[in-house]
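Participant: Attaching a single structure in structure tokens format; questions to follow.
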Amino acid sequence: MVSQKIPYFRQINAPLKNTLIIAFLLFSTIASATDYYISSSGNDANNGLTPATAWQTIAKVNASSFNPGDQILFNKGDTWRETLTIPSSGSVDNYITFGAYGTGSKPKIDAETTRDNCIVSPSSKSYITIDGLELDNAKVAGIYHSYWTTDWGNEPNWIIKNCTFSYCGVILHGANTVVQNNTFIGPGYTTGENSNAVTISGTFSSNCIVTDNTIYGFEGRGVCFDKGSVSPTVTNNIIHDCYSFGISFDGYGKKITGKVTATGNTVYNQTWASGTGIFLENCSETSDISKNLLYYCVRAISFKNYAASGDYTDQRGINIGAVASYNIIHDCNMGVFIDNASGIDIWNNDIYAGNGSFPTGVTIDDAGTYFVTDIDFRNNIVNDNTIITISVQSSNYRNHFVNFDYNRVSNISVVAQRGNSSYLSLTNLKNGGYALNSISTDPLFVSSTDFHLQSGSPAIGKGVSVAGLTTDYAGNKVNNPPSIGAYESGATGPPPAVYQGSVVKSATPTLLEITYDLSLANIVPAASAFSVNVNFAVRTVNAVVVSGNKVQLTLANPIVYGNVVTFSYTKPSSNPLQSTSGGIAASISNQTVDNN
Numbered sequence: 000m001v002s003q004k005i006p007y008f009r010q011i012n013a014p015l016k017n018t019l020i021i022a023f024l025l026f027s028t029i030a031s032a033t034d035y036y037i038s039s040s041g042n043d044a045n046n047g048l049t050p051a052t053a054w055q056t057i058a059k060v061n062a063s064s065f066n067p068g069d070q071i072l073f074n075k076g077d078t079w080r081e082t083l084t085i086p087s088s089g090s091v092d093n094y095i096t097f098g099a100y101g102t103g104s105k106p107k108i109d110a111e112t113t114r115d116n117c118i119v120s121p122s123s124k125s126y127i128t129i130d131g132l133e134l135d136n137a138k139v140a141g142i143y144h145s146y147w148t149t150d151w152g153n154e155p156n157w158i159i160k161n162c163t164f165s166y167c168g169v170i171l172h173g174a175n176t177v178v179q180n181n182t183f184i185g186p187g188y189t190t191g192e193n194s195n196a197v198t199i200s201g202t203f204s205s206n207c208i209v210t211d212n213t214i215y216g217f218e219g220r221g222v223c224f225d226k227g228s229v230s231p232t233v234t235n236n237i238i239h240d241c242y243s244f245g246i247s248f249d250g251y252g253k254k255i256t257g258k259v260t261a262t263g264n265t266v267y268n269q270t271w272a273s274g275t276g277i278f279l280e281n282c283s284e285t286s287d288i289s290k291n292l293l294y295y296c297v298r299a300i301s302f303k304n305y306a307a308s309g310d311y312t313d314q315r316g317i318n319i320g321a322v323a324s325y326n327i328i329h330d331c332n333m334g335v336f337i338d339n340a341s342g343i344d345i346w347n348n349d350i351y352a353g354n355g356s357f358p359t360g361v362t363i364d365d366a367g368t369y370f371v372t373d374i375d376f377r378n379n380i381v382n383d384n385t386i387i388t389i390s391v392q393s394s395n396y397r398n399h400f401v402n403f404d405y406n407r408v409s410n411i412s413v414v415a416q417r418g419n420s421s422y423l424s425l426t427n428l429k430n431g432g433y434a435l436n437s438i439s440t441d442p443l444f445v446s447s448t449d450f451h452l453q454s455g456s457p458a459i460g461k462g463v464s465v466a467g468l469t470t471d472y473a474g475n476k477v478n479n480p481p482s483i484g485a486y487e488s489g490a491t492g493p494p495p496a497v498y499q500g501s502v503v504k505s506a507t508p509t510l511l512e513i514t515y516d517l518s519l520a521n522i523v524p525a526a527s528a529f530s531v532n533v534n535f536a537v538r539t540v541n542a543v544v545v546s547g548n549k550v551q552l553t554l555a556n557p558i559v560y561g562n563v564v565t566f567s568y569t570k571p572s573s574n575p576l577q578s579t580s581g582g583i584a585a586s587i588s589n590q591t592v593d594n595n
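Numbering (numbering that gives the first Met the number 0), first residue to last: 0 to 595.
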């Protein structure tokens with residue numbers, strides 16, 4: 000009898016047995032990870048496994064091999080004058096981390112202006128995290144990694160976070176890299192590759208994210224995606240005094256493909272030569288340039304398609320499908336510059352000229368031809384000391400716009416064959432059957448630096464609804480009809496639930512918790528409304544729970560230390576997230592999740 004029961008017991012417990020085996024293997028993988036310690040007072044003859052038995056030199060690290068999940072930790076307050084050459088790769092679920100331990104200032108790797116790089120990966124090691132180091136005085140880059148291969152099964156996948164870069168930046172060629180929460184201090188005027196803080200380029204540089212950094216003092220660009228980059232994202236950075244471009248999506252030589260995203264950034268003091276806040280050139284697909292604050296720039300936002308020959312074709316007139324919405328632009332010589340680029344939507348922006356030397360709200364330059372077409376210009380305020388609201392560098396401004404209405408404008412300058420200018424008032428435009436719903440009166444901003452609309456503003460509720468625009472510059476719900484400009488005012492509906500942050504905690508690694516600013520109604524969207532990516536691969540969402548001001552997503556597999564986790568929420572047509580008073584939460588995309 001006993002012998003008959005044993006096989007049955009084994010059979011019904013087979014799933015449990017398999018689960019225990021998987022759990023054991025996962026635990027064994029994590030448990031096998033090792034921490035190594037490096038201190039300037041250590042000794043390379045030590046085993047490096049404790050702070051008391053730390054190694055001393057980076058040369059020892061370079062000559063060692065490491066396993067996925069290992070951490071190589073440098074003592075805070077110490078300085079090394081060597082180049083760290085990454086010797087090993089991690090894995091998709093277990094990055095190798097080069098970080099810090101102890102107390103005090105960040106551990107420093109100083110190139111002393113004599114060495115090219117502080118950290119280099121000449122053989123493109125993958126799944127690497129650089130966390131909490133200071134990198135100084137490199138001739139080329141604080142961190143340099145390249146990926147010149149067609150082997151897409153071994154992509155770089157780097158995370159660079161919480162670091163300080165003094166007089167050097169990063170140069171990256173590879174997919175799925177995140178540059179997050181770093182400080183870049185530039186050397187001022189310089190030449191060579193280190194004139195940019197962050198340079199990411201190459202057709203292998205896909206899905207790279209630059210977010211939450213502070214960047215200033217570089218002669219070239221703050222953030223530069225160029226030459227074949229794919230789907231670049233730049234969000235929530237503070238960039239200033241970089242002279243040339245704050246954020247540059249520069250496809251000169253090879254188009255940038257995929258969706259280009261620049262949202263929530265603050266860019267200012269781009270005053271040198273043609274200094275531009277956000278610059279797009281030869282970006283071949285859709286772009287989202289929204290909710291940025293730009294001021295004291297020669298040009299705030301510039302769309303350009305470069306007419307040239309060589310290794311790419313003439314790109315004039317290409318429909319780049321860009322959307323610039325809910326940006327605040329003030330005290331710039333030129334608000335928006337469109338040069339030989341078409342298919343651009345300019346919606347709900349505040350463009351306040353202030354005391355610019357040549358205060359032009361919007362300039363459209365087609366080099367005397369008609370390559371600029373399909374410009375949708377609605378719900379914008381172009382105001383105050385603006386000498387010219389719209390400057391069109393051709394003889395017929397009507398050829399350029401598919402929509403031009405519901406704006407606050409004053410004068411339009413039309414340059415006939417790039418010669419003498421003529422001016423059209425809003426009254427003349429309306430008499431010609433154009434811009435019939437636009438206004439020229441003072442929009443009544445709160446002040447010259449606060450662009451909220453005062454009560455009684457003629458811009459309140461005078462816009463036209465535009466598909467896809469649900470929240471204003473500050474995240475407030477957009478009314479129907481909306482106000483003109485970047486801020487919604489006179490709201491009649493309930494305030495929306497606004498996203499605050501998200502986290503995965505070590506105690507619950509299969510649970511992604513999303514926090515909103517208001518208590519949520521017990522209305523649960525389908526799991527398909529959420530998209531979770533772990534190290535840029537889709538992670539299935541099994542269940543959704545709404546409780547209080549939290550949304551909890553149960554994932555099919557646990558998150559582990561070092562994973563890069565992002566999520567998106569697409570507002571569904573039924574059962575959308577909403578506050579208890581009915582304020583609908585907006586769609587959000589590519590939000591970085593704190594991985595604790």
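Using N, Cα and C, we set each Cβ at its ideal position, and we do this for glycine too.
Roughly how many angstroms lie between the CA atoms of residue 595 and residue 160, to the nearest whole one?
Facilitator: Along the sequence shown, read from residue 1 onward, the residue named residue 595 stands at position 596. Along the sequence shown, read from residue 1 onward, the residue named residue 160 stands at position 161. Approximately 14 Å between the Cα atoms of the pair.
Participant: Smallest Cα separation from residue 228: which of 263, 183 and 170?
Facilitator: Here residue 228 corresponds to residue number 229 of the sequence shown, with the count starting at 1. Checked all of 263, 183 and 170; the closest Cα to residue 228 is 170.
Participant: Take the Cβ of residue 59 as the centre, count every other Cβ of all protein chains shown within 10 Å, and call the residue buried at 16 or more, exposed below.
Facilitator: The residue labelled residue 59 in the question sits at position 60 within the sequence shown. Counting Cβ neighbours within 10 Å, residue 59 comes out buried, since at least 16 surround it.
Participant: Please return the same chain residues whose Cβ sits closer than 7 Å to the Cβ of residue 365, not counting the five positions on each side in sequence.
Facilitator: Looking up residue 365 in the sequence shown gives position 366. Closer than 7 Å at the Cβ level, and outside the excluded window around residue 365, lie 339, 371, 392 and 393.
Participant: Let me check understanding here. Comparing Cα to Cα, which of 431, 127 and 37 lies closest to residue 100?
Facilitator: In the sequence shown, residue 100 corresponds to position 101, counting from 1. Considering only alpha carbons, the answer is 37.
Participant: Thinking C-beta only, is residue 275 closer than 8 Å to residue 259?
Facilitator: Sequence index remark: in the sequence shown, residue 259 carries index 260 (1-based). Sequence index remark: in the sequence shown, residue 275 carries index 276 (1-based). The criterion of a C-beta distance shorter than 8 Å is not satisfied by residue 259 and residue 275.
Participant: Any contact between the region 422-437 and the region 473-480? By contact I mean 3 or more CB pairs, one from each, below 8 Å.
Facilitator: Verdict: no, contact absent.
Participant: Residue 267 and residue 290: beta carbons closer than 8 Å?
Facilitator: Reading the sequence shown from its first residue, position 268 is the one you call residue 267. Reading the sequence shown from its first residue, position 291 is the one you call residue 290. No. Outside cutoff.
Participant: Any idea what DSSP makes of residue 476, helix, strand or coil?
Facilitator: As a working mapping, residue 476 is identified with position 477 in the sequence shown. Of the three classes helix, strand and coil, the one that applies to residue 476 here is strand, per DSSP.
Participant: Could you give the residue range of the beta strand (DSSP E) that holds residue 268?
Facilitator: Your numbering for residue 268 matches position 269 in the sequence shown. Counting along the chain, the beta strand (DSSP E) containing residue 268 begins and ends at 265-269.
Participant: Would you check if there are 3 or more beta carbon pairs closer than 8 Å linking the region 455-471 to the region 329-339?
Facilitator: no
Participant: Taking only the alpha-carbon atoms, compute the straight-line gap between residue 304 and residue 217 and give it to the nearest angstrom.
Facilitator: The residue you call residue 304 lines up with position 305 of the sequence shown. The residue you call residue 217 lines up with position 218 of the sequence shown. Roughly 25 Å between the two C-alpha positions.
Participant: Out of curiosity, what's the CA-to-CA distance linking residue 302 and residue 80?
Facilitator: If you number the sequence shown from 1, residue 302 lands on position 303. If you number the sequence shown from 1, residue 80 lands on position 81. Residue 302 and residue 80: Cα-Cα distance of roughly 43 Å.
Participant: Quick one: give me the first and last residue of the beta strand (DSSP E) that residue 134 is part of.
Facilitator: Taking the first residue of the sequence shown as position 1, residue 134 is located at position 135. From DSSP, the beta strand (DSSP E) with residue 134 extends over 133-135.
Participant: At which residues does the beta strand (DSSP E) containing residue 99 begin and terminate?
Facilitator: Mapped onto the sequence shown, residue 99 falls at position 100. Unbroken beta strand (DSSP E) run through residue 99: 95-100.
Participant: For the candidate residues 131, 181, 94 and 82, whose alpha-carbon lies nearest to that of residue 138?
Facilitator: Residue numbering aside, residue 138 sits at position 139 when the sequence shown is read from its first letter. Residue 82 is the option with its Cα nearest to residue 138.
Participant: Using the C-alpha atoms, what's the distance from residue 488 back to residue 448?
Facilitator: Translated into the one-based positions of the sequence shown, residue 448 becomes position 449. Translated into the one-based positions of the sequence shown, residue 488 becomes position 489. Residue 448 and residue 488: Cα-Cα distance of roughly 17 Å.
Participant: Among 95, 508, 299 and 158, which residue has its Cα nearest to the Cα of residue 563?
Facilitator: The sequence position of residue 563 within the sequence shown is 564, counting from 1. Residue 158 is the option with its Cα nearest to residue 563.
Participant: Measuring straight from C-alpha to C-alpha, what distance separates residue 116 and residue 402?
Facilitator: Numbered from its first residue, the sequence shown carries residue 116 at position 117. Numbered from its first residue, the sequence shown carries residue 402 at position 403. Whole-angstrom Cα-Cα distance: 50 Å.
Participant: Taking residue 208 as the reference, give the member of 242, 219, 248 and 239 with the closest Cα.
Facilitator: Within the sequence shown, the letter at position 209 stands for residue 208. Among 242, 219, 248 and 239, the Cα nearest to that of residue 208 belongs to 248.
Participant: Residue 427 lies in the alpha helix (DSSP H); which residues open and close that run?
Facilitator: As a first step, residue 427 is located in the sequence shown; it is residue number 428 there, counting from the start. Residues 425-430.
Participant: From the DSSP secondary-structure annotation, give me the bridge partner or partners of residue 512.
Facilitator: Residue 512 sits at position 513 when you count from the first residue of the sequence shown. Answer is 502 and 551, bridged to residue 512.
Participant: So residue 583 is in the beta strand (DSSP E); what residue range does that whole segment cover?
Facilitator: As a working note, residue 583 is residue 584 in the sequence shown. Counting along the chain, residue 583 sits inside no beta strand (DSSP E), nor does DSSP assign it H or E at all.
Participant: Three or more beta-carbon pairs under 8 Å between the region 100-110 and the region 541-555, yes or no?
Facilitator: no
Participant: Could you give the distance in angstroms between the alpha-carbon of residue 387 and the alpha-carbon of residue 239?
Facilitator: Stepping through the sequence shown from its first residue, residue 387 is reached at position 388. Stepping through the sequence shown from its first residue, residue 239 is reached at position 240. Approximately 27 Å, taken between the alpha carbons.
Participant: Is any heavy atom in the ligand GTP found nearer than 7 Å to the beta carbon of residue 409?
Facilitator: What this structure holds is no ligand at all, so the ligand GTP is not there to describe.
Participant: Tell me whether the beta-carbon of residue 243 lies closer than 8 Å to the beta-carbon of residue 226.
Facilitator: Within the sequence shown, numbered from 1, the residue matching residue 243 stands at position 244. Within the sequence shown, numbered from 1, the residue matching residue 226 stands at position 227. Between residue 243 and residue 226, the gap from beta carbon to beta carbon reaches 8 Å or more.
Participant: So residue 598 is in the alpha helix (DSSP H); what residue range does that whole segment cover?
Facilitator: Outside the modelled stretch of the chain, which goes from 0 to 595, sits residue 598, for which no answer is possible.
Participant: Determine the DSSP secondary structure at residue 52, reduced to helix, strand or coil.
Facilitator: The residue labelled residue 52 in the question sits at position 53 within the sequence shown. Here residue 52 sits in helix by DSSP.
Participant: Taking its Cβ as the centre, do 16 or more other Cβ atoms sit within 10 Å of residue 432, making it buried, or is it exposed?
Facilitator: Here residue 432 refers to the residue found at position 433 of the sequence shown. Residue 432 comes out exposed.
Participant: Could you tell me which of 84, 66, 62 and 45 sits nearest to residue 32, measuring between CA atoms?
Facilitator: Working through the sequence shown from its first residue, we reach residue 32 at position 33. Here the closest residue by C-alpha is 66.
Participant: What did DSSP end up calling residue 324 once you bin it into helix, strand or coil?
Facilitator: The sequence position of residue 324 within the sequence shown is 325, counting from 1. Residue state, collapsed to three classes: strand.
Participant: Between the Cα of residue 587 and those of 593, 581 and 571, spot the shortest distance and give me the residue it belongs to.
Facilitator: Position 588 of the sequence shown holds residue 587. The candidate whose alpha carbon is nearest that of residue 587 is 571.
Participant: Give the DSSP-derived three-state secondary structure of residue 196 in the structure shown.
Facilitator: Within the sequence shown, numbered from 1, the residue matching residue 196 stands at position 197. Coil, per DSSP.
Participant: Give the secondary structure of residue 574 by DSSP, where H, G and I count as helix, E and B as strand, and everything else as coil.
Facilitator: In the sequence shown, residue 574 corresponds to position 575, counting from 1. Three-state DSSP puts residue 574 in coil, outside helix and strand.
Participant: Taking the beta strand (DSSP E) that residue 116 falls in, what are its first and last residues?
Facilitator: The count along the sequence shown starts at 1 and reaches residue 116 at position 117. Residue 116 -> beta strand (DSSP E) spans 116-120.
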